[in-house]
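A.B. asks: Each protein sequence line maps, in turn, to chains A and B. Adding 60 to a residue's 1-based position in the first sequence gives its number in our numbering. Adding 411 to a residue's 1-based position in the second sequence gives its number in our numbering. Glycine included, every Cβ here is placed at the ideal spot set by N, Cα and C. Remember, predicted model here, so these are calculated numbers, not experimental data. Quick one: this structure, given as structure tokens, is what I'll be asking you about.
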Amino acid sequence: MRFRDLLAFSAGALRGHRLRTGLSLAGVAIGVASVILLTSLGEGARLYVTGEFASLGSNLLILFPGKTETTGMSPFVTGAPHDLTLDDAEAIARRVRQARRVAPVVFGLATARFGDRGRDIGVWGATAEMLGVRKIRLATGQYLPAGDVERGQRVCVIGAKVKEELFAGANPLGELLRLGNERFRVIGAMAPRGTSIGVDFDEMVHIPVSRGMKMFNKTTLFRVLIEVSSHEEIPAARAAVIELVKERHGGVEDVTVWTQDAVVSTFSRILALLTATLAGIAAISLTVAGVGIMNVMLVSVSERTREIGLLKAIGATGGQVVAAFLVEAAILSTAGGAAGLAVAFGLTRLLRALYPSFPVQPPDWAVGAAVLVSVGVGLLFGAMPAKRAARLDPIAALARR
Amino acid sequence: MIELSGIGRDFEVGDQPVHALAGIDLEIRDGDYVSLMGPSGSGKSTLLNIIGCLDRPSAGSYRLDGREVARLPEEDLSRIRRHQIGFVFQFYHLVPRLTASGNVELPMIFAGVDRRERAERVAQALEAVALSPRARHRSEQLSGGERQRVAIARAIVMGPKILLADEPTGNLDTAAGAEIVRLLEERNANGLTLIVVTHDPDIGQRARHRLRLVDGKIVSEERDAAGQPPAGGAAQAARAGAL
Chain A
61 MRFRDLLAFS
71 AGALRGHRLR
81 TGLSLAGVAI
91 GVASVILLTS
101 LGEGARLYVT
111 GEFASLGSNL
121 LILFPGKTET
131 TGMSPFVTGA
141 PHDLTLDDAE
151 AIARRVRQAR
161 RVAPVVFGLA
171 TARFGDRGRD
181 IGVWGATAEM
191 LGVRKIRLAT
201 GQYLPAGDVE
211 RGQRVCVIGA
221 KVKEELFAGA
231 NPLGELLRLG
241 NERFRVIGAM
251 APRGTSIGVD
261 FDEMVHIPVS
271 RGMKMFNKTT
281 LFRVLIEVSS
291 HEEIPAARAA
301 VIELVKERHG
311 GVEDVTVWTQ
321 DAVVSTFSRI
331 LALLTATLAG
341 IAAISLTVAG
351 VGIMNVMLVS
361 VSERTREIGL
371 LKAIGATGGQ
381 VVAAFLVEAA
391 ILSTAGGAAG
401 LAVAFGLTRL
411 LRALYPSFPV
421 QPPDWAVGAA
431 VLVSVGVGLL
441 FGAMPAKRAA
451 RLDPIAALAR
461 R
Chain B
412 MIELSGIGRD
422 FEVGDQPVHA
432 LAGIDLEIRD
442 GDYVSLMGPS
452 GSGKSTLLNI
462 IGCLDRPSAG
472 SYRLDGREVA
482 RLPEEDLSRI
492 RRHQIGFVFQ
502 FYHLVPRLTA
512 SGNVELPMIF
522 AGVDRRERAE
532 RVAQALEAVA
542 LSPRARHRSE
552 QLSGGERQRV
562 AIARAIVMGP
572 KILLADEPTG
582 NLDTAAGAEI
592 VRLLEERNAN
602 GLTLIVVTHD
612 PDIGQRARHR
622 LRLVDGKIVS
632 EERDAAGQPP
642 AGGAAQAARA
652 GAL
């Protein structure tokens, strides 16, 4: 028996039951499409997040007080860790050769008031360096003044949403904004940016860092962001920063340095896991589609009992009967898989057109796996009905009317 | 040449063994015309199925052209059915989704005959049963007699030596039945061994070699003088139809 004839024979049998064939095709197509779509979304999320981090600049070190592994747990660390101070930040800027910009940060919450409007917002104490480190763009005015870190003038730069909500379209420059009990002159407003890695730049106010420390009554910095001149120098810079702070804190290593790479790879790992989970869920629907194929094939076998008996009477071997039914199942699953691929690619393309910033992209491995699994599922679930067909007793089959 | 000796066939029905055939000895020469008659349940169809290699005997020996086939594996029996035997059934057993020519083509597809040769042989076989104009019709568009003619074309398309017909006219009116008998006898006149299972004594009497079965045993066997093909087969069949 030639393969082309086998294919034509099985395809003919499927064409004989259009509705049934169409439904089981749809089952496989939905299974394959959902595998590809869900993994595309997961992969898109991963690319989006890692892209966001990369837009920060990949040369960033994040220094914060406390040693995460040991704080309060090790019997050898006595007393609280040393404060991370503005002097530490300044020393890093001065003495760590690889550090291009150093931006100390303190953080607190306050109620901002202008006229009769009030709003609870996040207040960042920062320096002029922040502008470059976090790549802030201004809509109007200027950013915090450079130099003179200690003095801490009462000036502020407001986020886009703060400007919109409190000043309602009026020009905020030169106005006095109340933060808690103090008044700050607005010297600039940031361009809308939205949320970047969990920080909503639109709903915050930046003030000079030393003013922030006084206002929130803090003796230690929240973070020090350090921009290194080149990516290759990150390990050296990291070691130098830790060494310097340790020296300044009496030989105790009581700070933690995160590198951008570590953050990115952590997120990337988490999201890859998410993608795998989504793929697993989608695989269930593919299995359900497989059971659907089995059901269709079983119905087909019992409905075509007489035909199978006849095929045997005219000299078809058991192997040929198995092959004919397996090919039917394979046609169902391959055609369904192809339809699912087409649907999935169409939808991801549509999503990309609607949300250009979200990189929805079917990962190659998912496409390959979905196609392989759908064909495999067809053959696996087609095998049992095909065997049943081949075992049919031709005499009993033909005796039926 | 078909040689059966001591053929038995037992079935299990529930816990009861049923002896469908017992001690059948029979010789059928090439080109013979045999009728198998007998009451329902006498074992006619079982015997036909064993001769057609669709079933295997529980006991005894079956030699087909000198080769012992009673114990051959299923694969080999398939090949014998494919090349040496053609079946015609009471209920035609056409595949409904296929056209007349599609049905005739079927045995050749499973035998791996190439497409051009298939088309040629389908045309010849349909010509032989005078159905060429209906080649593109599907079975539900054909009358009972036409369906059985398609089945005969399908049975002869592989060029078998033996043609087995199980109640071929059982579902047809007399005119259509007579036409089917005429076509079968025509194949026999061309040299095929023809074995017909029938209830109809008029058809059974037409055979040169007549067997009667009761309870799985041959109770009578009559043989005309050998090598005497029925004179004017078509005219005779038409008369049988008129009876």
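Under the rule that 16 or more other beta-carbon atoms within 10 Å means buried, what is M519 (chain B), buried or exposed?
C.D. replies: Taking all protein chains shown into account, M519 (chain B) has 16 or more neighbouring C-beta atoms within 10 Å of its C-beta and is therefore buried.
A.B. asks: Using a C-beta to C-beta distance shorter than 9 Å, which residues of chain B count as neighbours of Q380 (chain A)?
C.D. replies: Those within 9 Å of Q380 (chain A) in chain B are S489, F521.
A.B. asks: For N460 (chain B), which residues in the same chain have their Cβ closer than 6 Å to its Cβ, ignoring the five residues on either side in sequence?
C.D. replies: Cβ contact annotation for N460 (chain B) (same chain, cutoff 6 Å, sequence separation greater than five): D466, in chain order.
A.B. asks: Using a cut-off of 8 Å between C-beta atoms, extract the partners of V506 (chain B) located in chain A.
C.D. replies: E367, L370
A.B. asks: For L465 (chain B), go through chain E and note every residue whose CB falls closer than 7 Å to its CB, in chain order.
C.D. replies: No chain E is part of this structure, whose protein chains are labelled A and B.
A.B. asks: Just curious, the beta strand (DSSP E) that P125 (chain A) is in, first and last residue?
C.D. replies: In the DSSP assignment, P125 (chain A) falls within the unbroken beta strand (DSSP E) covering 120–125.
A.B. asks: Nearest to E189 (chain A) by CA position, among A:M250, A:L233, A:V284, is which residue?
C.D. replies: A:V284
A.B. asks: Counting only runs that start and end within the segment 149–214 of chain A, where is the alpha helix (DSSP H) found for 4 or more residues in a row?
C.D. replies: 189–193
A.B. asks: Using 8 Å as the limit for Cβ to Cβ distance, is P468 (chain B) near chain A?
C.D. replies: no
A.B. asks: Quick check: the Cα distance between G219 (chain A) and A336 (chain A), rounded to an integer number of angstroms?
C.D. replies: 38 Å
A.B. asks: In three-state DSSP terms, what is L607 (chain B)?
C.D. replies: A quick correction: the sequence has Val, not Leu, at residue 607 (chain B). Note: V607 (chain B) maps to strand in three-state DSSP.
A.B. asks: Candidates B:L583, B:T585, B:A564, B:P450: which alpha carbon is nearest L575 (chain B)'s?
C.D. replies: B:A564
A.B. asks: Taking the runs of the alpha helix (DSSP H) that are 4 residues or longer, which of them lie wholly in the segment 244–327 of chain A?
C.D. replies: 269–275, 294–308
A.B. asks: How far does the alpha helix (DSSP H) with R409 (chain A) in it reach, from first residue to last?
C.D. replies: 378–414
A.B. asks: Give a yes or no on whether the minimum CB-CB distance between P428 (chain B) and chain A is below 8 Å.
C.D. replies: no
A.B. asks: How long is the line joining the alpha carbons of S134 (chain A) and V215 (chain A), rounded to whole angstroms?
C.D. replies: Reliability fails at S134 (chain A), whose pLDDT of 47 lies under 50, so the model's placement of it is uncertain and the value that follows must be treated cautiously. In a straight line, the C-alpha of S134 (chain A) is about 42 Å away from that of V215 (chain A).
A.B. asks: Return the chain-ordered list of same chain residues with a C-beta closer than 7 Å to the C-beta of K628 (chain B), the five sequence neighbours on each side being excluded.
C.D. replies: Excluding residues within five positions, the ones whose Cβ falls inside 7 Å are A433, G434.
A.B. asks: How is P232 (chain A) classed by DSSP in three states: helix, strand or coil?
C.D. replies: coil
A.B. asks: Below 8 Å on the Cβ atoms is my contact criterion, and I expect P612 (chain B) with E551 (chain B) to pass it. Report the Cβ-Cβ distance as a whole number of Å.
C.D. replies: Not quite, the Cβ-Cβ distance comes to about 32 Å (not below 8 Å), so this is no contact.
A.B. asks: If you reduce the DSSP assignment to three classes, tell me which class R560 (chain B) lands in.
C.D. replies: R560 (chain B): helix per DSSP, three-state reduction.
A.B. asks: What separation, rounded to the nearest whole angstrom, lies between the Cα atoms of V312 (chain A) and L338 (chain A)?
C.D. replies: Their Cα atoms are separated by approximately 45 Å.
A.B. asks: Counting pairs of beta carbons, one from the segment 479–495 of chain B and one from the segment 523–542 of chain B, are three or more of them closer than 8 Å?
C.D. replies: no
A.B. asks: Suppose you measure from the CA of R621 (chain B) to the CA of S362 (chain A); what does that come to, to the nearest Å?
C.D. replies: 38 Å
A.B. asks: Between the alpha carbons of I606 (chain B) and G454 (chain B), how many angstroms are there, rounded?
C.D. replies: 14 Å
A.B. asks: Please classify D577 (chain B) as buried or exposed, where buried requires at least 16 other C-beta atoms within 10 Å of its C-beta.
C.D. replies: buried
A.B. asks: Quick check: R179 (chain A) and L237 (chain A), are their CB atoms within less than 8 Å of each other?
C.D. replies: No. Outside cutoff.
A.B. asks: Any idea if Y203 (chain A) is buried or exposed, counting beta-carbon neighbours within 10 angstroms, 16 or more meaning buried?
C.D. replies: buried
A.B. asks: Give me, in chain order, the residues of the same chain whose beta-carbon lies closer than 8 Å to that of G463 (chain B); leave out the 5 immediate sequence neighbours on both sides.
C.D. replies: R492, I496, F498, I573, L575
A.B. asks: What residues in the segment 510–540 of chain B bring their beta carbon closer than 7 Å to a beta carbon of chain A?
C.D. replies: L517, P518, I520, F521, A522, G523
A.B. asks: Considering only their Cβ atoms, is the gap separating A450 (chain A) from G91 (chain A) smaller than 8 Å?
C.D. replies: no
A.B. asks: Using only the heavy atoms of the ligand ATP, determine whether one of them is closer than 7 Å to the beta carbon of G340 (chain A).
C.D. replies: In the structure on display, the ligand ATP does not appear, and there are no ligands present to speak of.
A.B. asks: Against D423 (chain B), what residues of chain A qualify as contacts under a CB-to-CB distance less than 7 Å, listed in chain order?
C.D. replies: Looking at the sequence itself, residue 423 (chain B) is Glu, so the reference to Asp does not match. Under the 7 Å cutoff, chain A gives no residues; its nearest Cβ is about 13 Å from E423 (chain B).
A.B. asks: Select from B:D487, B:T580, B:V445 the residue whose C-alpha is nearest the C-alpha of T604 (chain B).
C.D. replies: B:V445
A.B. asks: Cβ of F327 (chain A) less than 8 Å from any chain B Cβ?
C.D. replies: It does not; no Cβ of chain B falls within 8 Å.
A.B. asks: Straight-line CA distance for A149 (chain A) to G111 (chain A)?
C.D. replies: Their Cα atoms are separated by approximately 28 Å.
A.B. asks: Helix, strand or coil: which one does DSSP assign to G615 (chain B)?
C.D. replies: helix
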